[in-house]
Amino acid sequence: MRLREVAELVGARFLAGEELADREVSAAFAADLLSDVLAMVREEGVLLITGTVTAQVVRVAEVMNLAGVLFVRGKIPAKSTVEYAAASGIPLLTTPRLMYETCGLLYTHGLPGAKRKPLPFEHDQPGPPPP
Amino acid sequence: MTSPAPLRHKEIFPVVGLDLEHAGQVSTEVQRVLRRLGVEAEVVRRAGIVCFEGEMNIVLYTPGGRIILLVYDDRVELIFSDQGPGIPDIELARQPGYSTAPDWARELGFGSGMGLPNMEANSDRLEIRSRLGEGTVIRATFFRRRDEAAGSGGAAGA
Amino acid sequence: MKLREVAERLGLEFLVAADPEAEVRGGYVSDLLSDVLAHAEAGDLWITHQRHLNVVAVAKLRGVAGVVLARGLRPGPETLQRAQQEGVNLLTSPADAFDTAGRLHRLLAP
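Protein chains in written order, with my numbering: chain A, 49 to 179; chain B, 2 to 159; chain C, -18 to 91.
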C-alpha cells in the first residue's frame, strides 16, 4: 500500500514528505513507546502509527528506515521537528482519527502488521511458544 | 595469530542532559558517518539503535556525557560515558520492562524499560561499568561480517 | 459483544478473568496512560504494549472492558495481583497492537 492510499483511507494530510506519497508501505506498527518500536520492528519500510510527537520520533524513523510516521488524534509535532523530517526525507502524516480506528481501517484494507522480531528476553523464556 | 585491527576512525559527540530538542541526533549522525565509511548496512542499523538508546539514557537520567565512536576494520565500538547518578543494580536494569523513568518521561514515549535490553540485543558485546554518584560507562561492540555484506554497506541512504 | 466471545474470536488469553461477561463496545489503542485517562471510553477494550503497574489503576478509573497486552507481553506479578484486587480484566494477545486492533475493529464493525 502506498502512503497516498494510507492518507486517503484514514483522512490524513501530509505534514512533510508529500513528494514521497508514492512510497510503498510494507507493513504497519502502532506504538507510543519508542523503545518498543526499536525492540519490536524488524523490517524496513514500516509505517509507524503513533500518538507520540517528540523530536525523537523522527530520529527513530531515520534510524529504523521507516516508510513514514502517521500521527493520530490530530497530533502535530513542533515546527522544528517537521522541518527536520522534511529535510531528511521522512514523510509525516496526521489524521484526526483515533489510533484504534486508524489501525482498523488500514488492517481491513489489507495493510499487514510488521513481522515479529524476537524480543530481547524471548530467547531465555521457557514458556510455550505463541500459537 | 592476527595482528590487532587498526583504528580507522574516531569521533567524539557531546551529549547534553535533558536536552530533548536535540536528543537522538547523535544516533543519526553516527549512522551517517558509518555509511560514509562503507560500514555494512546491518551494523549501521544495529549501531543506530544502540546509540539511540544510549543517548536517551544520558539525556533523560544524567546532566550530560559523551559518546565516542571507534571504527576498526573488524568491528565498531560505541562508548557512552556520563557523570550521572550511576546504576544501583545493573542486573535489574538489564531486565526488559524494568524502568526508573519519571512519569513525565513515560508520557513522552520513553521509559518502557527496553533501553538496556535493546542495547544488549543489538550489540555483539555490551559492557557496563557504573559507580553510584560518579557515573556510568557502557561499551557496545559490533563485529563486522564483511564477507556477508561486502560492497553493499555504503549503498543505502545518504 | 461479551469480552469472553471477543477473546475466543481473537485468540486472546485471559490472565485475570475478573468479569468475562463485560460488554465490549469499542477499542482504544495507546501506550500513554494520560492519553487513556483523557480519551478512552467506558466499555472500550484497551490494547497496549505498556506493562507498567499503573495500567490497572487507569483501566479501573476509565471503566474499560479490559486491558489487552499485545505481542504476547506478560506483566509482572504485582500487576497481576493488582488487577485481581481491582477486578480488572487482563488479557494477552499473541499479535501486536496493530493486528489486534485491526481484528477487533473488524469484529465489532456492523
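Built from N, CA and C at the ideal position, the CB exists for glycine as well.
Treat the numbers as computed from the prediction; the structure is a model and nothing was measured.
Chain A within 8 Å of residue i, Cβ atoms only
i: residue 8/C; result: yes
i: residue 95/C; result: Because residue 95/C is not part of the residues shown, which for chain C are -18 to 91, the question remains open.
i: residue 113/B; result: yes
Residue nearest to residue i in terms of C-alpha spacing, selected from the options
i: residue 135/B; options: 101/B, 142/B, 85/B; result: 85/B
i: residue 144/B; options: 76/B, 64/B, 37/B, 49/B; result: 76/B
i: residue 11/C; options: 99/A, 59/A, 92/A; result: 99/A
i: residue 114/A; options: 60/A, 122/A, 96/A; result: 96/A
i: residue 55/B; options: 42/B, 37/B, 78/B, 41/B; result: 78/B
i: residue 109/A; options: 25/B, 90/B, 19/B; result: 25/B
i: residue 147/A; options: -2/C, -7/C, 5/C, 16/C; result: 16/C
i: residue 108/B; options: 92/A, 133/A, 136/A, 81/A; result: 81/A
i: residue 34/C; options: 99/B, 146/B, 141/B; result: 99/B
i: residue -5/C; options: 73/C, 27/C, 4/C, 30/C; result: 73/C
i: residue 133/B; options: 141/B, 139/B, 89/B, 19/B; result: 89/B
i: residue 9/B; options: 35/B, 16/B, 58/B, 22/B; result: 35/B
Contact with chain C by residue i, beta-carbon distance below 8 Å
i: residue 108/B; result: yes
i: residue 98/B; result: yes
i: residue 64/A; result: no
i: residue 129/A; result: no
i: residue 135/A; result: no
i: residue 62/B; result: no
Cut-off 6 Å between Cβ atoms - residues of its own chain near residue i, not counting five sequence neighbours on either side
i: residue -17/C; result: 2
i: residue 121/B; result: 127
i: residue 41/C; result: 67, 69
Sequence-distant residues of the same chain with beta carbon closer than 8 Å to residue i, five excluded per side
i: residue 161/A; result: 75, 76, 77, 155
i: residue 37/C; result: 48, 60, 63, 64, 67, 69, 71
i: residue 47/B; result: 123, 124, 143
i: residue 153/A; result: 57, 58, 145
i: residue 88/C; result: -18, -13, -10, -9
i: residue 150/A; result: 58, 78, 97, 118, 120, 143
i: residue 128/A; result: 103
i: residue 97/B; result: 114, 115, 118
Per-residue contacts from residue i into chain C (C-beta, under 7 Å)
i: residue 79/A; result: 12, 30, 78
Contacting residues, own chain, Cβ-Cβ under 7 Å from residue i (five flanking each side not counted)
i: residue 63/A; result: 124, 130, 140, 141, 142
i: residue 110/B; result: none
i: residue 52/B; result: 27, 28, 31, 68, 79
i: residue 86/C; result: 8
Partners in chain A for residue i, counting only beta-carbon separations shorter than 9 Å
i: residue 118/B; result: 83, 87, 167, 168, 169
i: residue 87/C; result: 152, 155, 156
Within chain A, partners of residue i - CB distance below 7 Å
i: residue 16/C; result: 99
i: residue 53/B; result: 86, 107, 108, 111
Contacts of residue i in chain A (Cβ-Cβ under 8 Å)
i: residue 141/B; result: Chain A residues near residue 141/B: none, gap ~14 Å exceeds 8 Å.
Quick one: which residues of the segment 62 to 78 of chain C get their C-beta closer than 7 Å to a C-beta of chain A? List them in chain order.
75, 76, 77, 78
If the cut-off is 7 Å on Cβ atoms, which residues from the segment 95 to 112 of chain A count as contacting chain B, listed in chain order?
100, 102, 103, 104, 107, 108, 110, 111
If contact means a Cβ-Cβ distance below 8 Å, which residues of the segment 30 to 53 of chain C contact chain A?
30, 31, 52, 53
Contacting positions in the segment 5 to 39 of chain B - beta carbon closer than 8 Å to chain A:
21, 22, 23, 24, 25, 26, 28, 29, 32
Tell me which residues of the segment 74 to 94 of chain B have at least one Cβ-Cβ distance to chain A shorter than 7 Å, keeping chain order.
none
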